[in-house]
Structure formats: structure tokens, C-alpha cells
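In this text, residue positions in the sequence shown follow my numbering: the first is 2, and each later residue adds one. Positions of the beta carbon are idealized from the N, C-alpha and C atoms, including for glycine. Written out below as C-alpha cells is the structure these notes cover.
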Amino acid sequence: QVRLVESGGGLVQPGGSLRLSCAASGFTFSSHTLSWYRQAPGKERELVATIRTADGNIEYADSVKGRFTISRDNAKKTVYLQMNSLKPEDTAVYYCNVVLLGVPVGSWGQGTRVTVSS
């Protein structure tokens with residue numbers, strides 16, 4: 002059974018940084034594409050960043066390009082999201098998931114809440 006546990010969120014001032022982690026289990030981590038998503042209050046969940054497997058190809062939403070960095074540690078079965086230059090509009094609950102053909106296929110975890118506010 003796929004299990005995803007996000008952590009690392011918190012309250013940060015605009016311009017600050019956070020590093021999110023997602024510990025995965027229940028599947029062959031190194032063989033799968035992983036993505037970070039976020040859901041702001043009153044909005045739909047949106048894709049933030051994706052990291053693929055063999056070629057390590059990475060994609061970002063336009064709203065986070067140049068500020069966020071996704072990475073993975075296959076030995077630790079963990080995917081990370083380094084978030085710099087945070088803005089109030091980055092406030093959301095952040096989730097990770099396993100992706101197949103562009104579709105998140107794991108059960109959603111509890112996520113980790115990020116609040117950017119002065």
C-alpha cells in the first residue's frame with residue numbers, strides 16, 4: 002500500500018525559506034515519478050513540481066519557477082521541495098504523490114501546511 006507522509010511546513014515570513022519532505026513507502030520509489038501539489042484555502046489542488054526517474058527530468062509550475070527546487074533521494078525514499086523567496090500566495094497545504102501518466106495515483110496524505118505571513 003502506497004503511503005506518503007509530508008513534513009516540514011510551518012509559518013514563515015515573506016522572503017523566507019522552507020524545506021518540505023515526503024517520506025514514501027509501499028512501492029518501488031526509484032522507479033516512479035513524484036510530484037508536489039498544493040491546495041490553498043478555497044482553491045483547487047494544483048501541481049507545483051514533478052521529478053521523474055531515469056533522466057531526472059524536472060518540471061515546475063510557472064508560479065514557482067526560480068524559487069522552488071524539487072529533488073529526490075532514492076536511498077531514503079524521500080522527495081523534497083526546497084522553497085525560497087516565499088510569498089503570501091504560496092500559503093497552502095502541500096502534498097506529494099506518485100504519478101503515473103500524469104495522474105496522481107496514491108492516496109492523499111495529510112499534507113503539510115505552509116503559511117507565509119508577516
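Backbone secondary structure at residue i - three-state DSSP
{"i": "E7", "result": "strand"}
{"i": "D74", "result": "strand"}
{"i": "P15", "result": "coil"}
{"i": "T51", "result": "strand"}
Residue environment, residue i, which counts as buried when at least 16 other CB atoms sit within 10 Å
{"i": "L35", "result": "buried"}
{"i": "V104", "result": "exposed"}
{"i": "V1", "result": "Outside the displayed range of the chain (2 to 119) lies residue 1, so it cannot be described from this structure."}
{"i": "N75", "result": "exposed"}
{"i": "L19", "result": "buried"}
{"i": "N58", "result": "exposed"}
{"i": "R4", "result": "exposed"}
{"i": "G10", "result": "buried"}
{"i": "E7", "result": "buried"}
One or two residues paired with residue i in a DSSP bridge
{"i": "Q83", "result": "R20, T70"}
{"i": "N98", "result": "S36"}
{"i": "P105", "result": "V100"}
{"i": "A93", "result": "V115"}
Inset, instruction - With a floor of 3 residues, list each beta strand (DSSP E) that falls wholly inside the segment 19-48, ordered by position along the chain. - result: Complete beta strand (DSSP E) runs here, min 3: 19-26, 34-40.
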